[in-house]
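For the sequence shown, this note's numbering begins at 15 and goes up steadily by one.
Note that the Cβ used here is the ideal one computed from N, Cα and C, for glycine as well.
The model shown is predicted, which means the values in this text are computed figures rather than measured ones.
As structure tokens, the structure follows; a few thoughts come after it.
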Amino acid sequence: MQNDVGTGGHVPVMLERVLELLGPALSGPAPVVVDANLGLGGHSEALLARFPALHLIGIDRDPFAIEHSTRRLSPYADRTTLVHASSADLAEVLARAGRTTVDGALFDLGVSSPQLDEAERGFAYAYDAPLDMRMDTEQELTAEQVVNTYAADELIRILRDYGEERFAPRVAGLIIRERAKEAITSTKRLADIVRQAIPAATRRTGGNPAKRTFQALRIEVNAELSALEAALPAALDALALGGRAVVLSYHSLEDRLTKQALAARTKDTSPPGLPVPLPAHQPRFRLLTRGAELPSEEELARNPRAASARLRAAERIRVDD
Numbered sequence: 015m016q017n018d019v020g021t022g023g024h025v026p027v028m029l030e031r032v033l034e035l036l037g038p039a040l041s042g043p044a045p046v047v048v049d050a051n052l053g054l055g056g057h058s059e060a061l062l063a064r065f066p067a068l069h070l071i072g073i074d075r076d077p078f079a080i081e082h083s084t085r086r087l088s089p090y091a092d093r094t095t096l097v098h099a100s101s102a103d104l105a106e107v108l109a110r111a112g113r114t115t116v117d118g119a120l121f122d123l124g125v126s127s128p129q130l131d132e133a134e135r136g137f138a139y140a141y142d143a144p145l146d147m148r149m150d151t152e153q154e155l156t157a158e159q160v161v162n163t164y165a166a167d168e169l170i171r172i173l174r175d176y177g178e179e180r181f182a183p184r185v186a187g188l189i190i191r192e193r194a195k196e197a198i199t200s201t202k203r204l205a206d207i208v209r210q211a212i213p214a215a216t217r218r219t220g221g222n223p224a225k226r227t228f229q230a231l232r233i234e235v236n237a238e239l240s241a242l243e244a245a246l247p248a249a250l251d252a253l254a255l256g257g258r259a260v261v262l263s264y265h266s267l268e269d270r271l272t273k274q275a276l277a278a279r280t281k282d283t284s285p286p287g288l289p290v291p292l293p294a295h296q297p298r299f300r301l302l303t304r305g306a307e308l309p310s311e312e313e314l315a316r317n318p319r320a321a322s323a324r325l326r327a328a329e330r331i332r333v334d335d
């Protein structure tokens, strides 16, 4: 979702490749696609324009995304169902929509451009803003609460697991000391604290040292990884025969979970040594991509925020009896 700007003149990441991969699944008389991370609706708009019979179910936890996409997709209003919900609720959303199966599923993970570009959302260390980071502005937990109330061991775990921050104990320790003096309420103060905690030699390489901490807090506040762990299997389960899923991820944690989820569905689980594979253990899916595909140089020149994108896709080739 990181690229999906809509209002800023950018185009959705790897758009033509997404359309190419989903296309063969959308040739039927009444195909259905679920966009689990609607964002500003760039991918969804292109899908609706390309496939005139398509019905799209769009899910997003950000009320702004739903509001914006409702306007953007208004020419296709009779073919869209937009739902304010977490992708973790994908199975429930489909059930409420009366859809037992879908033909395509799209995941455009991460943070959207408006969330990054609107200072008051508190996602970016480039602006001085309240420490918020909520994708769903109606939820209670904020980054400020995490920073000021979590115990040291919890902060270390988040920074290490979600930010892959090798100096997690140092960063957490300085946060604890500084918040004891005065609550940490702004992105600038937090970024300054992180910068002080990182050794000088490390600060000179690898970009802004606050990047990993901000990523970790964002993932914690929005339960992003647990949402993906629930939503991707639910989407794969819902795919009809010939249905396809495409996942765009923007950091190694998302990509690793995606790779594992797809690998589990695309391998034969028959016990070793059998002369004939057991039908019940044969793969239900096949991979459509070799490893993770990257954006082209042309796209990177057009949209630098696509730099971290990784695309994986799979197709359902068998259904359970």
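Contact defined as beta carbons within less than 8 Å: I believe residue i pairs with residue j. What is the distance between those atoms, to the nearest angstrom?
i	j	result
D49	I73	7 Å
L87	S58	6 Å
A259	A327	6 Å
P293	K281	About 15 Å; that fails the 8 Å criterion.
L61	L36	7 Å
D117	V47	6 Å
With DSSP run on the structure shown, which of helix, strand or coil describes residue i?
i	result
L53	The residue you asked about is not Leu; residue 53 is Gly in the sequence shown. Note: G53 maps to coil in three-state DSSP.
D76	coil
T303	coil
G20	Reliability of the predicted coordinates at G20 is poor, the pLDDT of 39 falling under 50, and no value is obtained from them.
H82	helix
R148	coil
R258	strand
V161	helix
R330	strand
S58	helix
G177	helix
When you compare only the Cα positions, how much space is there between residue i and residue j?
i	j	result
G23	R191	The pLDDT assigned to G23 is 47, lower than 50, so where the model puts this residue is not dependable; a value taken from the coordinates is nonetheless given after this. Rounded to the nearest angstrom, the two C-alpha atoms are 43 Å apart.
T163	L155	11 Å
R179	L169	Inspection of the sequence shows that residue 179 is occupied by Glu rather than by Arg. Cα to Cα, the separation comes out at about 11 Å.
E312	R324	16 Å
T199	R148	14 Å
A194	P285	57 Å
R226	A321	16 Å
H82	P89	13 Å
V107	V97	8 Å
P309	R113	32 Å
L267	A252	24 Å
For residue i, count neighbouring Cβ atoms within 10 angstroms of its own Cβ and tell me buried if that reaches 16, exposed if not.
i	result
E152	exposed
Q274	exposed
Q159	exposed
S41	exposed
D334	exposed
I172	buried
V208	buried
V161	buried
Kindly indicate if chain C contains any beta-carbon less than 8 Å away from that of residue i.
i	result
A237	Any reference to chain C falls outside this structure, which holds one protein chain only.
**Q.** Segment contact, 8 Å Cβ cut-off, at least three pairs: the segment 206-221 with the segment 230-245
**A.** The answer is no - the segment 230-245 does not touch the segment 206-221, with fewer than three Cβ pairs under 8 Å.
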